[in-house]
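>
Protein chains: 2
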Amino acid sequence: MRPTRLSPGLLWILLTICPAVLAGASDGLRGTGDLGVIVERATGSIQIVETTSRTSLARITGLGDLSHASVKYSRDQRHAYIFGRDGGLTQVDMLKREITHRIIQSGNSIGGAISQDGRLLAVANYEPGGVKVFDAKTLALVADIPTVDHEGQRSKVVGLVDAPRQRFVFSLFDAGEIWVADFSQGDSPRITRHRDVGRQPYDALITPDGRYYIAGLFGEDGMALLDLRQPDAGVQRIMEGYGRGDELLPVFKMPHLEGWAIAGDYAFMPAVGHHSVLVVDRRDWSEVARIPVHGQPIFVMASPDQHAVWVNFAYPDNDTLQVIEVDTLELTASIEPGPAVLHMEFTPRGEHIWVSVRDANEVHVYDAYSLERLARLEVQSPSGIFFTARAHRIGF
Amino acid sequence: MRPTRLSPGLLWILLTICPAVLAGASDGLRGTGDLGVIVERATGSIQIVETTSRTSLARITGLGDLSHASVKYSRDQRHAYIFGRDGGLTQVDMLKREITHRIIQSGNSIGGAISQDGRLLAVANYEPGGVKVFDAKTLALVADIPTVDHEGQRSKVVGLVDAPRQRFVFSLFDAGEIWVADFSQGDSPRITRHRDVGRQPYDALITPDGRYYIAGLFGEDGMALLDLRQPDAGVQRIMEGYGRGDELLPVFKMPHLEGWAIAGDYAFMPAVGHHSVLVVDRRDWSEVARIPVHGQPIFVMASPDQHAVWVNFAYPDNDTLQVIEVDTLELTASIEPGPAVLHMEFTPRGEHIWVSVRDANEVHVYDAYSLERLARLEVQSPSGIFFTARAHRIGF
Numbered sequence: 001m002r003p004t005r006l007s008p009g010l011l012w013i014l015l016t017i018c019p020a021v022l023a024g025a026s027d028g029l030r031g032t033g034d035l036g037v038i039v040e041r042a043t044g045s046i047q048i049v050e051t052t053s054r055t056s057l058a059r060i061t062g063l064g065d066l067s068h069a070s071v072k073y074s075r076d077q078r079h080a081y082i083f084g085r086d087g088g089l090t091q092v093d094m095l096k097r098e099i100t101h102r103i104i105q106s107g108n109s110i111g112g113a114i115s116q117d118g119r120l121l122a123v124a125n126y127e128p129g130g131v132k133v134f135d136a137k138t139l140a141l142v143a144d145i146p147t148v149d150h151e152g153q154r155s156k157v158v159g160l161v162d163a164p165r166q167r168f169v170f171s172l173f174d175a176g177e178i179w180v181a182d183f184s185q186g187d188s189p190r191i192t193r194h195r196d197v198g199r200q201p202y203d204a205l206i207t208p209d210g211r212y213y214i215a216g217l218f219g220e221d222g223m224a225l226l227d228l229r230q231p232d233a234g235v236q237r238i239m240e241g242y243g244r245g246d247e248l249l250p251v252f253k254m255p256h257l258e259g260w261a262i263a264g265d266y267a268f269m270p271a272v273g274h275h276s277v278l279v280v281d282r283r284d285w286s287e288v289a290r291i292p293v294h295g296q297p298i299f300v301m302a303s304p305d306q307h308a309v310w311v312n313f314a315y316p317d318n319d320t321l322q323v324i325e326v327d328t329l330e331l332t333a334s335i336e337p338g339p340a341v342l343h344m345e346f347t348p349r350g351e352h353i354w355v356s357v358r359d360a361n362e363v364h365v366y367d368a369y370s371l372e373r374l375a376r377l378e379v380q381s382p383s384g385i386f387f388t389a390r391a392h393r394i395g396f
Numbered sequence: 001m002r003p004t005r006l007s008p009g010l011l012w013i014l015l016t017i018c019p020a021v022l023a024g025a026s027d028g029l030r031g032t033g034d035l036g037v038i039v040e041r042a043t044g045s046i047q048i049v050e051t052t053s054r055t056s057l058a059r060i061t062g063l064g065d066l067s068h069a070s071v072k073y074s075r076d077q078r079h080a081y082i083f084g085r086d087g088g089l090t091q092v093d094m095l096k097r098e099i100t101h102r103i104i105q106s107g108n109s110i111g112g113a114i115s116q117d118g119r120l121l122a123v124a125n126y127e128p129g130g131v132k133v134f135d136a137k138t139l140a141l142v143a144d145i146p147t148v149d150h151e152g153q154r155s156k157v158v159g160l161v162d163a164p165r166q167r168f169v170f171s172l173f174d175a176g177e178i179w180v181a182d183f184s185q186g187d188s189p190r191i192t193r194h195r196d197v198g199r200q201p202y203d204a205l206i207t208p209d210g211r212y213y214i215a216g217l218f219g220e221d222g223m224a225l226l227d228l229r230q231p232d233a234g235v236q237r238i239m240e241g242y243g244r245g246d247e248l249l250p251v252f253k254m255p256h257l258e259g260w261a262i263a264g265d266y267a268f269m270p271a272v273g274h275h276s277v278l279v280v281d282r283r284d285w286s287e288v289a290r291i292p293v294h295g296q297p298i299f300v301m302a303s304p305d306q307h308a309v310w311v312n313f314a315y316p317d318n319d320t321l322q323v324i325e326v327d328t329l330e331l332t333a334s335i336e337p338g339p340a341v342l343h344m345e346f347t348p349r350g351e352h353i354w355v356s357v358r359d360a361n362e363v364h365v366y367d368a369y370s371l372e373r374l375a376r377l378e379v380q381s382p383s384g385i386f387f388t389a390r391a392h393r394i395g396f
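Those protein sequences? They're chains A and B, same order as listed. The UniProt record's numbering puts the first residue of the first sequence at 1, with every later residue one more than the last. The UniProt record's numbering puts the first residue of the second sequence at 1, with every later residue one more than the last.
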């Protein structure tokens, strides 16, 4: 049988390109339920990790200023959205391990959210103050919401979260207002404004069921509560005692409200400026207990099975993690991962917890029950750790 | 330049196989967070679906008897495990859209569970009674737990669930026992037996935090409760009034306990044989209310934002779905999807609900708030609908 004649060009294509693509395909074809992103704060990069065998899959660079950066996920858990401090919004394809879209959407921003249906991304901006909403697929601008208060002043936006019924909720730091932007009827949102909620809301949280939006106040004690099922009832003040109080203690870092934990009938929250964790009855927001801890708490996180609450601390006590048992409200463990423990993230079903130890340039993985250290990953100045299971949760 | 000589065989390989694989690769490369499986009960097949644009991606056949079939997912959400009634256990690669492993592990089985770390699969068996545990990757047998009671009788196993700390919990129908198999120390489980829990436990549920295991009793009224954080306290009896009572009403179908809903401070559960949904205080398991509904409830499911509870019904009222508002405990809506509404599943963040309408050979997708029908998929005798977000939940 006669050999076929084939031009060198075509032969080259078949022999080189094809195997290359095959390799790429076999790399790329994988589930995305066990993926995550770790922010490398100092280098403007991220690492894509997987929690099944606890390895790093790739590093993506060129993401700008990632201090206070946060990460959201597309509803199919293929794409990560990185919200940078410099107004950068970057869409990363975690399967192809590359940046697919990147825009600088403002001068200075502080976090974002993704809509209930996964179609819209919202970003909270400091300079100029406002919220911009983008198409999650293309990052094309969908809506621009300048946060101009009733006196015509533009206000910084903080505490932006997604809420059920295709809503975004956020607070105006300078104006002391809480706004609800409702996208359920299309891309021109219906905006509801709640005024005089308190002085300088600086951060906020939404409960896991997406019902209660709670803003912390920097300018006074207490917090502002909005029931998103009954928004017409307006904003009420809760926990008058929460804040720095009259003593005006030195506050090394205002705690993150995303660091709140709801477990069982309690909410656990960092006391501002005090070495204690507050335990609050989540039905009437009354204080149940104050648990003395190692330092000023920053993140207070409940394990997915709600048996324990993990706490990290502000400088100079930030080498330590402590564990509080939810049933007894007692400290049951204390470990020292190393210098500058910035953030923690549980695996979705709670068997492990990943911990950023910034100044050791390491992320540690611990068994959430035995506290045994299972793995150590090299990460440059790690800060936030975000797993893709967040794509399936309200307010994450 | 001289053309290169190439044997017809090699040329055939390059020209045919390579493009084929390329096509496969581009198909296969996708996130798995928006995937799901719909069981086609009558034909022993499943459809792989995606919830972002609400389409069917593939049909997989040859899965045996799928009546009462249930589906679990690997922790990376790439593989689905289908537990058949005939003892078949099938691992499906949802990206390659093919069966990767299939075994017949017993003569007759009723559901399974996947361990907290995703490494182990457990299957509950009727004939012969017992639990078999398999490696989730290979389906190789890891442990065999024959359920022989204290009188030496082998017992059917029901109500098998996963629990935190690498445990499986299940009930012995004939023996009236609840067993806990602890795999946290390795593949030879530590078994704890709780005897005399009540006559004929027929199904069970575990609360979303993995703390309370509750078994329904077929042989008497009431339910058996085990606190998995304090197993030494033993099993206690709750809700003495729950069951068929003395009237011995005709029960067309025992309700599924996975059909229970925990929302806010309440548990919503189907009343056995009655046209009502029971509302129970989840702190002391006392009855708070009885809500009259359209028929005998089967599944009672809370929306992810816990604002509503959806209910379907037993024959002959199984053409209808009703919606109960959690805050007011009032019926707020009633729709008629069609003949034989067998199962419902919410999208992970609750914007949509998918509904199996078996005798119309359709699955409907509704907006969970407006109740508008958004899509209709052709599915042969659809029964269970399972989305991959279950991989990240305890007891799902």
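Beta carbons are placed, not taken as given, at the ideal position from N, Cα and C, and that holds for glycine. The structure presented is a predicted model; accordingly, all values stated were derived computationally and were not measured.
Can you check whether the C-beta of B:GLY350 is within less than 9 Å of a C-beta belonging to chain A?
yes
> Drop a sphere of 10 angstroms on the beta-carbon of A:ALA124, count the other beta-carbons inside from all chains shown, and report buried for 16 or more, exposed for fewer.
buried
> Go to A:ILE114, then tell me how far its beta strand (DSSP E) extends in each direction, as first and last residue.
108–114
> Kindly indicate the opening and closing residues of the beta strand (DSSP E) around A:VAL94.
Sequence check: residue 94 of chain A is Met here, not Val. No beta strand (DSSP E) contains A:MET94, which DSSP labels as neither H nor E.
> Which parts of the segment 16–85 of chain A are runs of the alpha helix (DSSP H), unbroken and 4 residues or longer, counting only runs that do not cross its ends?
18–28
> In this structure, does DSSP put B:THR138 in helix, strand or coil?
Residue state, collapsed to three classes: coil.
> Once you ignore the five residues that flank A:LEU63 on each side, which residues in its own chain have a CB closer than 7 Å to its CB?
GLY44, SER45, ILE46, ILE82, GLY84, GLY88 and THR90
> If we ignore side chains and look at the alpha-carbon of each, how far apart do residue 412 of chain B and A:GLY130 end up?
Residue 412 of chain B falls outside the range modelled here, since chain B spans only 1 to 396, and no answer is possible.
> Just list the residues that DSSP pairs B:VAL300 with in beta bridges.
B:VAL311
> With B:ASN318 as the anchor, note down where its beta strand (DSSP E) starts and where it stops.
Segment: none, B:ASN318 is in no beta strand (DSSP E) and carries neither H nor E.
> With distances taken Cα to Cα, identify the nearest neighbour of B:ARG290 among B:ASN361, B:PHE299 and B:VAL280.
B:VAL280
> Under three-state DSSP, which class holds A:ARG358?
helix
> Does any C-beta atom of chain A lie closer than 9 Å to the C-beta of B:SER109?
Taking Cβ atoms only, chain A never reaches closer than 9 Å to B:SER109, which makes this a no.
> Using DSSP's beta-bridge definition, name the partner residues of B:LYS132.
B:VAL123 and B:ASP144
> Within the same chain, show all residues whose beta-carbon is closer than 7 Å to that of B:THR207, passing over the 5 residues directly before and after it, in chain order.
Counting only Cβ-Cβ distances below 7 Å, and skipping sequence neighbours, we find ILE262.
> If you check the beta carbons only, do A:TYR242 and A:LEU278 fall under 9 Å apart?
yes
> So within the segment 162–199 of chain B, which uninterrupted beta strand (DSSP E) runs reach at least 3 residues, ignoring any that extend past its ends?
167–172, 177–182 and 190–194
> On the three-state DSSP scale, how would you describe B:ASP227?
In the structure shown, B:ASP227 sits in a strand (DSSP, three-state: E or B).
> Answer with yes or no whether the minimum CB distance from A:GLY31 to chain B is below 9 Å.
yes
> Could you check if B:ALA23 is buried or exposed, using at least 16 other CB atoms within 10 Å of its CB as the buried criterion?
Caution is warranted here: a pLDDT of 40 is assigned to B:ALA23, below 50, making its placement in the model unreliable, and no coordinate value can be reported.
> Would a check of beta-carbon distances place A:LEU205 closer than 9 Å to chain B?
no
> The beta strand (DSSP E) with A:GLY216 in it runs from where to where?
212–217
> In this structure, how does DSSP classify B:ARG237 when only helix, strand and coil are distinguished?
Here B:ARG237 sits in strand by DSSP.
> Do you know how far the Cα of B:ARG167 is from the Cα of B:PHE183?
6 Å
> Can you name, in chain order, every residue of its own chain whose Cβ lies under 6 Å from the Cβ of B:THR51, other than the five neighbours on each side?
ASP34 and THR347
> Quick check on the burial criterion: 16 or more other C-beta atoms within 10 angstroms. Buried or exposed for B:ILE394?
buried
> Work out the CA separation of A:ALA224 and B:LEU226 for me, nearest whole Å.
Spanning the alpha carbons of B:LEU226 and A:ALA224 requires a straight line of approximately 39 Å.
> Can you check which of these residues, A:ILE99, A:PHE313, A:VAL309 and A:ARG358, is closest to A:GLN296 by C-alpha distance?
Ranked by Cα distance from A:GLN296, the options A:ILE99, A:PHE313, A:VAL309 and A:ARG358 are led by A:PHE313.
> I believe A:SER303 touches A:ALA389 by the beta-carbon criterion, under 8 Å. Please report the beta-carbon distance rounded to the nearest angstrom.
Contact between A:SER303 and A:ALA389 does not hold, since their C-beta atoms are separated by about 14 Å, which reaches or exceeds 8 Å.
> Quick one: what's A:VAL379 bridged to in DSSP?
In the DSSP assignment, A:VAL379 is bridged to no other residue.
> Count the other CB atoms, across all protein chains shown, that sit within 10 Å of the CB of A:SER381; report buried if there are 16 or more and exposed otherwise.
buried
> Do the segment 184–192 of chain A and the segment 212–221 of chain A meet, that is, are 3 or more Cβ pairs less than 8 Å apart?
no
> Sort out for me which residues DSSP pairs A:GLY88 with in a bridge.
A:ILE104
> Would you verify that the beta carbon of B:ILE394 is, or is not, closer than 9 Å to some beta carbon of chain A?
At least one chain A Cβ lies under 9 Å of B:ILE394.
> Shorter than 9 Å from the beta carbon of B:ASP144 to some beta carbon of chain A?
no
> Can you give me the start and stop residues for the beta strand (DSSP E) that A:PHE396 sits inside?
For A:PHE396, there is no enclosing beta strand (DSSP E), as DSSP marks it with neither H nor E.
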